[in-house]
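One structure is given here, and the rest of the page talks about it.
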Amino acid sequence: MDSSYGQASIESLKQKASEAEKRGNHKEALNIYSDALRVATRSKLNNSEIANLHCWRSKVYHNLGKYTKSIEEATECIKQCPKWAMGYYREGMAQKMLKKFVNALHNNNITKMEIRKYMLNKKQKKSFFITATTNMLIGMECIYSGTCPEYSRIL
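Letter by letter, the sequence shown follows residues 7 to 161 in our numbering.
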């Protein structure tokens with residue numbers, strides 16, 4: 007299969023999956039993302055596209071409350087594209103839901119480091135917003151896990 011055909015096909019499938027998610031039909035979205043992943047694999051598209059699809063599947067599993075499956079997809083995302091922060095973020099959010107706060111904090115710290123590296127490389131002005139958001143997530147994890155004594159009085 008021609009990779010340009012595969013890319014167009016994947017974009018169409020991603021759009022359909024996104025629409026299914028907006029309607030709240032997460033199972034349909036998951037099936038469509040799975041189809042897109044099969045097309046991407048057959049088309050031998052680059053790792054970042056495959057990582058992106060695993061990331062979307064991780065999000066859908068998270069929305070379905072299947073946090074272990076969400077972690078598996080996030081792990082695949084990380085394997086495909088280890089420098090992409092979103093895989094670590096997805097894994098960290100699923101770890102949080104399983105009350106594995108130390109793992110969640112670790113993943114959020116990696117996310118923060120990767121985002122900073124990316125922003126320094128790209129010199130984008132959005133770094134403040136993304137860093138602030140990541141810091142907020144880490145702070146929330148710290149509060150809920152009780153690992154930060156200075157925040158324990160908030161609970």
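For glycine and all other residues, C-beta sits at the position ideal for the given N, C-alpha and C.
Taking C-beta to C-beta, are residue i and residue j nearer than 8 angstroms?
{"i": "A46", "j": "C83", "result": "no"}
{"i": "Y73", "j": "L104", "result": "yes"}
Looking only at its own chain, which residues have a Cβ that is under 6 angstroms from the Cβ of residue i, when we skip the five neighbours before and after it?
{"i": "E55", "result": "A46"}
{"i": "M92", "result": "C61"}
{"i": "N69", "result": "H32"}
{"i": "L36", "result": "V66"}
{"i": "A80", "result": "S64, G93, R96 and E97"}
{"i": "L43", "result": "L59"}
What three-state label does DSSP hand residue i in the structure shown?
{"i": "C83", "result": "helix"}
{"i": "N52", "result": "coil"}
{"i": "W90", "result": "coil"}
{"i": "K105", "result": "coil"}
{"i": "L70", "result": "coil"}
Measuring alpha carbon to alpha carbon, tell me which of the options ends up nearest residue i.
{"i": "D41", "options": "K28, Q101, L19 and S76", "result": "L19"}
{"i": "I38", "options": "K50, L51, S49 and S15", "result": "S15"}
{"i": "R63", "options": "E27, Q101 and K106", "result": "E27"}
{"i": "Q86", "options": "S76, L51 and M99", "result": "L51"}
Within the same chain, show all residues whose beta-carbon is closer than 7 angstroms to that of residue i, passing over the 5 residues directly before and after it, in chain order.
{"i": "K75", "result": "Y67"}
Looking at the C-beta of residue i, does it have a partner C-beta in chain C at a distance below 8 angstroms?
{"i": "L59", "result": "Looking for chain C here will not work: only one protein chain is present."}
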